[in-house]
Each structure stands twice: as structure tokens, then as C-alpha cells.
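Trainee: Just so we're aligned, residue 306 is where the first sequence starts under this note's numbering, counting upward by one.
Note that CB positions come from ideal geometry on N, CA and C, so glycine has one too.
None of the values given here were measured: they were computed from a predicted structure.
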Amino acid sequence: MDTEEIFDRLKPLYPHEYFSTERDPFYILISTVLSQRTRDEVTEVASRRLFEHYSTPVQMVGADVKSIESLIRDVGFYRVKAGRIKEISQILIDEYYSQVPACMDELLKLPGVGRKTANCVLSYAFLEKAIAVDTHVHRISNRLGLVDTVTPEQTEIELQKQVPVSYWREVNELFVQFGKTVCKPLSPDCEVCVIEDLCAKKEKKK
DNA sequence: AAAACGGGGGC
DNA sequence: GCCCCAGTTTT
306 MDTEEIFDRL KPLYPHEYFS TERDPFYILI STVLSQRTRD EVTEVASRRL FEHYSTPVQM
366 VGADVKSIES LIRDVGFYRV KAGRIKEISQ ILIDEYYSQV PACMDELLKL PGVGRKTANC
426 VLSYAFLEKA IAVDTHVHRI SNRLGLVDTV TPEQTEIELQ KQVPVSYWRE VNELFVQFGK
486 TVCKPLSPDC EVCVIEDLCA KKEKKK
């Protein structure tokens, strides 16, 4: 299958770039942690509110956990995340001179950071060629027939084989936007889909 | 492999 | 009231 065709057709529909207004790796790391299992409108507001008060690892460590909790009260798992933000900040100070490491192995050592979050940081903060596989990317890659996988990590590996490197950084945002608006988890809107002719599941519908 | 963490929004 | 959401960690 011609995978470039997929991205060339989706790109004009979703020109907006995620995290377009923020480049600070620490902000991207923390806001990505906050985004886990939480809608992005909520995440956006909470991240900005948090960083208006504390914007560096040192400030996070110096802050009262209760204060951080109250600032991010509306995101999911906010107590757990508040604790992890302090843990992460302390590790960055102790191990990385208060900088966010630009390397998968080091990122994965941080509490609350899995492959999806680590790949988002590598891609959005450091512009590395990384594919961040969340539930949307996983679902859509399988629906299209791009991959045939069970776990997100398998999807990441298979996508790396199927997708030209120059598109790796775009896969996450394009598939997430596409997944939220058209290729939804249940009842995808195939009648308005611009890549239906490329989809392995189109015949199964109806 | 499945459960647990969890508040907010949509229907 | 019930279901889902830009996942990760623990059992």
C-alpha cells in the first residue's frame, strides 16, 4: 500500500500542529503526562494554569503537592500526577542538571512516562523522528490495514517499517485528529472519509 | 492479561 | 446514570 497517499490526503484537513505555541521540553513533558486519559481542552487549561505558578523543575520541587493538585484538579488521576510531577522534577534536578533528557531510555525511567509520552517528548520537544502510538494511532493503523498488531509497541515497530521516515513525526497528530473527528472508535463516519478507498475495513462496513 | 487510578463532558 | 477519554503502573 502507498502510505504516503494516506498522509498527503489527511494533511490538508489537519494543518494545526500540536504544542505549536510551546517548545519548552519541560512544559511538553509535564503537559503530556497531564494529557494521559484526559481530553486535551482540559489538559491545555490545566497545563497553562500550572505553569503560570511553577514553570521549572526547581519550582515544582519547591511547591506544596497540595498546591499542584489544586492547580490540576480537573485532569484525570490528578493526585497521582501531582506526585509524579514532583518526582520527575526531582530526578531531572538530580540526574540531568534540570534538563529533560532527549533519549528514550532515560525518559522511560521517569515515573508516569511510558513509550507514548516519551515518543511525544522526542517528537514534539526535540523534533526527533519518533512515532507516538496512542489508542487512536493503534486503532486506525489496524483499521486501515497498515499493520496487524495487538500492542501499541508492536504498532510502533510495524509503522516504522511501513511509513517513510519523513512522515514519522506527523503520524501521531494526523491520526489523532482523524480518529477524533472521522475514524472514531465506534461508528466511524466512512461517508465523509477521504481515504476510504485505501481502507482495508471499508468492505466490512454495512 | 487484567485491574486500578479518576475527574469531566457527552448523550 | 452510563460510557469514554492524546496511558502507565501494579497485580
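#1: Take TYR472 and list the residues in its own chain whose beta-carbon comes closer than 6 Å to its own, dropping the five residues that flank it on each side.
#2: Looking only at C-alpha atoms, which of PHE382, TYR319 and ASP329 sits nearest to THR348?
#3: By DSSP, does HIS443 sit in helix, in strand, or in coil?
#4: Tell me the residue span of the alpha helix (DSSP H) that contains THR456.
#5: Taking the alpha carbon of ARG420 as the reference point, which residue from TYR332, VAL497 and THR460 has its own alpha carbon closest?
#6: Is LEU464 closer than 8 Å to VAL476 when the C-beta atoms are compared?
#7: Rounded to whole angstroms, what's the CA-CA distance from LYS510 to GLY484? Just pull it up for me.
#8: Do the segment 394-402 and the segment 353-367 make contact, defined as three or more Cβ pairs closer than 8 Å?
#9: Have a look at ILE335, GLU309 and HIS443 and flag the residue whose alpha-carbon is nearest the alpha-carbon of ARG353.
#10: Check whether the Cβ of PRO320 lies closer than 7 Å to any heavy atom of the ligand SAH, and answer yes or no.
#11: Could you tell me whether the Cβ atoms of VAL481 and VAL442 are closer together than 8 Å?
#12: In chain order, which continuous runs of the alpha helix (DSSP H) of length 4 or greater are located wholly inside the segment 326-403?
#13: List the whole-angstrom C-beta distance separating ALA437 from CYS425, where the pair is believed to meet the contact cut-off of C-beta under 8 Å.
#14: With H, G and I counted as helix, E and B as strand and the rest as coil, what does DSSP make of GLY484?
#15: Secondary structure at ALA430, three-state DSSP: helix, strand or coil?
#16: Go ahead and pull the three-state DSSP assignment for SER471.
#17: Please state whether DSSP places CYS504 in a helix, a strand or coil.
#18: Roughly how many angstroms separate the alpha carbons of GLU374 and ARG384, rounded to a whole number?
#19: What would DSSP say about VAL497, mapped onto helix, strand or coil?
#20: State the Cα-Cα distance for the pair ARG314 and SER372, rounded to the nearest angstrom.
#21: Which stretch, first to last residue, makes up the alpha helix (DSSP H) that contains ALA423?
#22: Please classify ILE311: does DSSP put it in a helix, a strand, or coil?
Mentor: So, from the listed chains and residues:
#1: Position 167 of the first sequence, counting from 1, holds the residue named residue 472. Cβ neighbours of TYR472 beyond the five flanking positions: PHE312.
#2: Sequence index remark: in the first sequence, residue 348 carries index 43 (1-based). Taking only the C-alpha atoms, the option nearest THR348 is PHE382.
#3: Here residue 443 is taken as the residue at index 138 of the first sequence, counted from 1. The answer is helix: DSSP assigns HIS443 an H, G or I state.
#4: Along the first sequence, read from residue 1 onward, the residue named residue 456 stands at position 151. From DSSP, THR456 is part of no alpha helix (DSSP H); its letter is neither H nor E.
#5: In the first sequence, residue 420 corresponds to position 115, counting from 1. Of the candidates TYR332, VAL497 and THR460, the one whose C-alpha sits nearest the C-alpha of ARG420 is THR460.
#6: What you label residue 476 is simply residue 171 of the first sequence in a count that begins at 1. What you label residue 464 is simply residue 159 of the first sequence in a count that begins at 1. Result yes, Cβ atoms of VAL476 and LEU464 sit closer than 8 Å.
#7: Indexing the first sequence from 1 puts residue 510 at position 205. Indexing the first sequence from 1 puts residue 484 at position 179. Confidence at LYS510 is low in this model, with a pLDDT of 44, below 50, so its placement is unreliable and the value that follows should be read with caution. Those two C-alpha atoms are separated by around 17 Å.
#8: yes
#9: Here the question's residue 353 lines up with position 48 in the first sequence. Checked all of ILE335, GLU309 and HIS443; the closest Cα to ARG353 is ILE335.
#10: Judged by which ligands are present, the structure shown has none, so any question about the ligand SAH falls away.
#11: Numbered from its first residue, the first sequence carries residue 481 at position 176. Numbered from its first residue, the first sequence carries residue 442 at position 137. A contact, by the Cβ cut-off of 8 Å.
#12: 330-339, 345-358, 362-367, 370-376 and 383-401
#13: Against the first sequence, residue 437 aligns to sequence position 132. Against the first sequence, residue 425 aligns to sequence position 120. The Cβ separation is near 5 Å, so the contact holds.
#14: The sequence position of residue 484 within the first sequence is 179, counting from 1. Of the three classes helix, strand and coil, the one that applies to GLY484 here is helix, per DSSP.
#15: Start at 1 with the first residue of the first sequence, and residue 430 comes out as number 125. Three-state DSSP puts ALA430 in a helix.
#16: Sequence index remark: in the first sequence, residue 471 carries index 166 (1-based). In this structure, SER471 counts as helix in the three-state DSSP scheme.
#17: For this step, residue 504 is matched to residue 199 along the first sequence. It is coil, neither helix nor strand.
#18: As a first step, residue 374 must be located in the first sequence, where it is residue number 69. As a first step, residue 384 must be located in the first sequence, where it is residue number 79. Their backbone Cα atoms lie some 6 Å apart in a straight line.
#19: Counted from its first residue, the first sequence places residue 497 at position 192. If DSSP states are grouped into helix, strand and coil, VAL497 belongs with the helices.
#20: Counting from one through the first sequence, the residue named residue 314 turns up at place 9. Counting from one through the first sequence, the residue named residue 372 turns up at place 67. Going from the Cα of ARG314 to the Cα of SER372 covers about 45 Å.
#21: As a first step, residue 423 must be located in the first sequence, where it is residue number 118. Where ALA423 is concerned, the enclosing alpha helix (DSSP H) stretches over 420-425.
#22: Indexing the first sequence from 1 puts residue 311 at position 6. Residue state, collapsed to three classes: helix.
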